[in-house]
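I have placed the structure first, in the form of structure tokens, so that the comments after it can refer back to it.
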Ligand SMILES: Nc1ncnc2c1ncn2[C@@H]1O[C@H](COP(=O)(O)OP(=O)(O)OP(=O)(O)O)[C@@H](O)[C@H]1O
Ligand SMILES: [Mg+2]
């Protein structure tokens, strides 16, 4: 019985100052019939516990690949990956990683609320419920009243919001988000940006967030990682000087406009 207790995920907190994510000289090479692609080359990256990193870069520079390496969906060709104080596979097995993919990936035969609850059902002993219920999470992403709708009855943006609620249901320690708001209208996107920041602020969740929007990257991140393509490599890491908590109106400040202009100039060279 003692051994079982030791294996519970709540007992396995990483050391207080440990980084949530540490990549050291990570290279990922894919070999296909058409030859070999270096998706990532010698990536060094440290994201502190509780940090919020946004990733910006041209299509094909390896952003999704980087998230997949961190979540143990693919193995790097070389280099080392540390996630929540150990290897990525262990963090995944403890269900400490939430992933919001570029497309919503819902189960079509389950209603919205059944999709959000899914991780609690399949997680077995590690399926610790989070602070918010599936119903509260649907409310948080603006889908109150849609609990019993099936995915085909929802718009693409609504499906994406269900998948965000699902990723939050376990209170993940690490949340990986791959262009989660790309399909949404700007007003909804702004609102979800603020909601995401307040969820992040209330919890000790570390977030890695991929976007094609300079404004979203600058508004959400404590740091912005700019990647260049072919091969995917780090061009620059930019610290975001904006104070927290952040509000959409801050995007009109001189500080924000200068930051966005800098990111654009760097992106043009990626
Ligand atoms: N499973 C795979 N097999 C072969 N090549 C792959 C695989 N996954 C990614 N690649 C290649 O690796 C490179 C990086 O792809 P990745 O999906 O990480 O880019 P991305 O930055 O997420 O692009 P986008 O902004 O378009 O989503 C691309 O050249 C892609 O063709
Ligand atoms: Mg991608």
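In the numbering used here, the protein residues as written are 2 to 271. Every residue, glycine too, gets a C-beta built ideally from N, C-alpha and C.
- Checking the DSSP bridge columns, you'll see residue 49 partnered with 20.
- Where residue 161 is concerned, the enclosing alpha helix (DSSP H) starts and stops at 157 to 169.
- Bridge partners of residue 39 according to DSSP: 30.
- The beta carbon of residue 264 lies closer than 8 Å to those of 57, 215, 218, 219, 225, 227 and 239 in the same chain, with the five residues before and after it left out.
- Residue pairing by DSSP places residue 234 opposite 229 in a beta bridge.
- With a threshold of 7 Å, the Cβ atom of residue 233 counts as near ligand 1, since some heavy atom of the ligand is closer than that.
- Inter-residue distance for residue 190 and residue 162 is about 10 Å (C-alpha atoms, whole angstroms).
- Per the Cβ contact rule, the segment 163 to 176 is in contact with the segment 196 to 215 (3 or more Cβ pairs under 8 Å).
- Secondary structure note for residue 220: it is in no beta strand (DSSP E), and the uninterrupted alpha helix (DSSP H) holding it is 215 to 221.
- In the three-state scheme derived from DSSP, where H, G and I count as helix and E and B as strand, residue 81 is classed as strand.
- At a cut-off of 7 Å, the beta-carbon of residue 31 counts as near ligand 1: some heavy atom of the ligand is closer than that.
- Cβ-Cβ separation between residue 61 and residue 230: approximately 5 Å, consistent with a contact (criterion under 8 Å).
- The beta carbon of residue 78 sits closer than 8 Å to those of 28, 29 and 30, all from its chain and outside the five residues before and after it, given in chain order.
- Excluding five sequence positions before and after residue 92, the CB atoms of its chain that fall closer than 6 Å to its own CB belong to 84, 85 and 98, given in chain order.
- Residue pairing of residue 211 in beta bridges, as defined by DSSP: 56 and 179.
- When the Cα atoms are used, residue 154 and residue 106 turn out to be separated by approximately 15 Å.
- Cα atoms of residue 269 and residue 236: separation of roughly 11 Å, rounded to the nearest angstrom.
- Look at residue 103: its beta carbon is less than 7 Å from one of the heavy atoms in ligand 1.
- Taken in chain order, the whole alpha helix (DSSP H) runs of length 4 or more contained in the segment 84 to 115 are 89 to 94.
- Under the three-state reduction of DSSP output, residue 224 falls in the strand class.
- Pairwise C-beta distances place the segment 64 to 72 in contact with the segment 172 to 183, as three or more of them are shorter than 8 Å.
- A Cβ-Cβ distance of about 6 Å is found for the pair residue 221 and residue 210, placing them in contact under the 8 Å criterion.
- A distance below 8 Å separates the beta carbons of residue 201 and residue 53.
- The closest CA to that of residue 250, considering only 195, 121, 232 and 234, is found on 195.
- At a cut-off of 7 Å, the beta-carbon of residue 66 counts as near ligand 1: some heavy atom of the ligand is closer than that.
- Sorting 213, 147 and 141 by C-alpha distance to the C-alpha of residue 192 places 141 at the top.
- Excluding five sequence positions before and after residue 24, the CB atoms of its chain that fall closer than 6 Å to its own CB belong to 44, 46 and 82, given in chain order.
- Between residue 234 and residue 42 a beta carbon distance of about 5 Å is seen, short of the 8 Å cut, so the two are scored as contacting.
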